[in-house]
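Chains as they are written, first to last, in this note's numbering: chain A, 9 to 427; chain B, 1146 to 1220.
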């Protein structure tokens, strides 16, 4: 783990160092020659620390600690090169590394010192190639991605297409994505059949199942310049998931005993692993509207309506008001409100009926509302942040999240942009 | 409830259509405000991980520039 972080840090510092060379005054080029060498357009380093706490862990049937911390980092590198026909080829490489610790995952096997999923690292590289015609603004491209966790592997592929109107005030974007995932089926210790493994690498003798989870989505978006101060974006992103959509190490406790009909208790006779349908259609539709109020204030708004085949309906609204303290420093307070009607398959601890076909006690899928409030600060001076010429922008953002179920969390994110 | 739904959704659609069709042609040299980095019609890079945890902690996802499924052990 430490090696991975040191490698990412070394890569980042070497890129930063390569950009920190003394800048030579450029030689003025009066010809029409276009640079055909591969050049670095932009590098972004994003790092976040997230901490949450609550008392409705799905691993223990809707009760118990939801304490979790996540340290997430990505570095993306954008390179471009013009071909002989004058088309711009852009390569965007991204590498992400997340490390989390979870109190609830540790309860998969509470009798062990620490179970397989009490902490995990996810590594996810991706590569996008896009070819664009800068005269028309039209472009198309392809993406390949992978993700690796201890119990989860994913391979993704995507296609993107952009069409721009002649006056460049209307833009249409289309995106197709597919993720082919495979999940190692880890079961709660007391519900494992005889001979079924724990999933741990140390338990090589007893095998575990692997099941697929595939996701397919299409995204249609239309952005429009409305006035010299206002622009709007409409997005629809239907998607379909198929395979193991339940989390098989999450417990559900019923209001009766399967064998005797006795009331809820911590006995395995009224306990099952979570069961959810093997397919899920989702339809989110969103609008984004930005308004340049005056030289000091900008208003950024977002609204989304969401519906899916599990019966979840949600409304999410967000407003952010960047305030320009100077032309190069802005402070951006924001507020997000979300409300959702939960899935019909949800019931709290001990309240599911033994006749239910599908069941979950995962509060993420329950009826709830949430508030997320915070602020960001962005520095982008023309001579570089802290006088470092290639450090184009620095953005720091903090948010506090409060969910009506009692879960609270904090997140702090840093973005360094090198150009 | 149903009547409200049948009124609200078409009203929003009509409102959005009116906004789009009433827009004036803006010339490239008039776009200095629209080209401001704070005016970008996408989520900020610093929102990437916020959208990730919201994807885990809420049932809704997608259409916000974040993930809509796949690539991690989440619904």
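For every residue, glycine included, the Cβ atom is placed at its ideal position computed from N, Cα and C.
Chain-ordered neighbours of residue i on chain B, where CB pairs are closer than 9 Å
i, result
"residue 324 (chain A)", "1199, 1203, 1205 and 1209"
"residue 365 (chain A)", "Ordered by position in chain B, no residue passes the 9 Å Cβ test against residue 365 (chain A), which lies about 18 Å from the chain."
"residue 378 (chain A)", "1199, 1202 and 1203"
"residue 241 (chain A)", "1186 and 1187"
"residue 292 (chain A)", "1205, 1206, 1207, 1208, 1209 and 1213"
Local conformation of residue i per DSSP, three classes
i, result
"residue 1202 (chain B)", "helix"
"residue 258 (chain A)", "coil"
"residue 366 (chain A)", "coil"
"residue 252 (chain A)", "coil"
"residue 1190 (chain B)", "helix"
"residue 284 (chain A)", "coil"
"residue 372 (chain A)", "helix"
"residue 326 (chain A)", "strand"
"residue 161 (chain A)", "strand"
"residue 1182 (chain B)", "helix"
"residue 152 (chain A)", "strand"
"residue 234 (chain A)", "coil"
"residue 48 (chain A)", "strand"
"residue 145 (chain A)", "coil"
"residue 228 (chain A)", "strand"
"residue 278 (chain A)", "helix"
"residue 393 (chain A)", "helix"
"residue 1195 (chain B)", "helix"
"residue 60 (chain A)", "strand"
"residue 1175 (chain B)", "helix"
"residue 136 (chain A)", "strand"
"residue 342 (chain A)", "strand"
Residues that residue i contacts on chain B, provided the C-beta gap is smaller than 8 Å
i, result
"residue 306 (chain A)", "1181, 1183 and 1184"
"residue 75 (chain A)", "Those within 8 Å of residue 75 (chain A) in chain B number zero; the least Cβ separation is about 14 Å."
"residue 151 (chain A)", "Going along chain B, no residue has its Cβ under 8 Å from residue 151 (chain A), so there is no contact; the nearest lies around 12 Å."
"residue 348 (chain A)", "1203, 1204 and 1205"
"residue 417 (chain A)", "1198 and 1202"
Inter-residue spacing [alpha-carbon to alpha-carbon] between residue i and residue j
i, j, result
"residue 53 (chain A)", "residue 128 (chain A)", "22 Å"
"residue 1184 (chain B)", "residue 236 (chain A)", "11 Å"
"residue 260 (chain A)", "residue 89 (chain A)", "55 Å"
"residue 192 (chain A)", "residue 217 (chain A)", "6 Å"
"residue 1182 (chain B)", "residue 249 (chain A)", "35 Å"
"residue 336 (chain A)", "residue 308 (chain A)", "18 Å"
"residue 1177 (chain B)", "residue 106 (chain A)", "38 Å"
"residue 245 (chain A)", "residue 203 (chain A)", "43 Å"
"residue 255 (chain A)", "residue 138 (chain A)", "36 Å"
"residue 293 (chain A)", "residue 1209 (chain B)", "9 Å"
"residue 391 (chain A)", "residue 51 (chain A)", "17 Å"
"residue 1175 (chain B)", "residue 166 (chain A)", "35 Å"
"residue 110 (chain A)", "residue 303 (chain A)", "45 Å"
"residue 290 (chain A)", "residue 322 (chain A)", "11 Å"
"residue 31 (chain A)", "residue 399 (chain A)", "Note on residue 31 (chain A): pLDDT 48, under 50, position unreliable in the model; the coordinate value appears next. Going by the C-alpha atoms only, they are around 13 Å apart."
"residue 221 (chain A)", "residue 188 (chain A)", "7 Å"
"residue 264 (chain A)", "residue 201 (chain A)", "22 Å"
"residue 325 (chain A)", "residue 185 (chain A)", "25 Å"
"residue 282 (chain A)", "residue 143 (chain A)", "54 Å"
"residue 361 (chain A)", "residue 130 (chain A)", "36 Å"
"residue 163 (chain A)", "residue 176 (chain A)", "35 Å"
"residue 8 (chain A)", "residue 76 (chain A)", "This structure leaves residue 8 (chain A) out entirely; chain A is present only between 9 and 427."
"residue 344 (chain A)", "residue 1199 (chain B)", "11 Å"
"residue 65 (chain A)", "residue 357 (chain A)", "10 Å"
"residue 301 (chain A)", "residue 389 (chain A)", "22 Å"
"residue 359 (chain A)", "residue 252 (chain A)", "24 Å"
"residue 79 (chain A)", "residue 148 (chain A)", "33 Å"
"residue 29 (chain A)", "residue 47 (chain A)", "Below a pLDDT of 50, predicted positions are generally treated as unreliable, and residue 29 (chain A), at 49, falls in that range; the measurement from the model is reported next regardless. Distance between the alpha carbons of residue 29 (chain A) and residue 47 (chain A): 16 Å."
"residue 146 (chain A)", "residue 91 (chain A)", "16 Å"
"residue 411 (chain A)", "residue 373 (chain A)", "12 Å"
"residue 180 (chain A)", "residue 241 (chain A)", "10 Å"
Per-residue contacts from residue i into chain A (C-beta, under 9 Å)
i, result
"residue 1175 (chain B)", "236"
Interface residues of chain B facing residue i [CB-CB closer than 7 Å]
i, result
"residue 338 (chain A)", "1183"
"residue 296 (chain A)", "1186"
"residue 330 (chain A)", "1183"
"residue 423 (chain A)", "1190 and 1191"
"residue 56 (chain A)", "1194"
"residue 79 (chain A)", "In chain order: nothing, as chain B lies at least about 10 Å away."
"residue 167 (chain A)", "Near residue 167 (chain A) there are no residues of chain B at all, since even the closest Cβ is about 15 Å away, more than 7 Å."
Closer than 7 Å: residue i CB and nearest the ligand ZN heavy atom
i, result
"residue 418 (chain A)", "No copy of the ligand ZN occurs in the structure displayed, which carries no ligand at all."
Cβ distance (whole Å) where residue i is taken to contact residue j below 8 Å
i, j, result
"residue 1179 (chain B)", "residue 233 (chain A)", "6 Å"
"residue 243 (chain A)", "residue 225 (chain A)", "Contact flag wrong, Cβ pair sits at about 12 Å."
"residue 61 (chain A)", "residue 416 (chain A)", "6 Å"
"residue 238 (chain A)", "residue 299 (chain A)", "5 Å"
"residue 393 (chain A)", "residue 387 (chain A)", "5 Å"
- Message: What ranges does the beta strand (DSSP E) occupy inside the segment 167-225 of chain A, keeping only unbroken runs of at least 3 residues that lie completely in it?
- Response: 178-192
- Item | Those runs of the alpha helix (DSSP H) which lie wholly inside the segment 66-134 of chain A and span at least 4 residues | none
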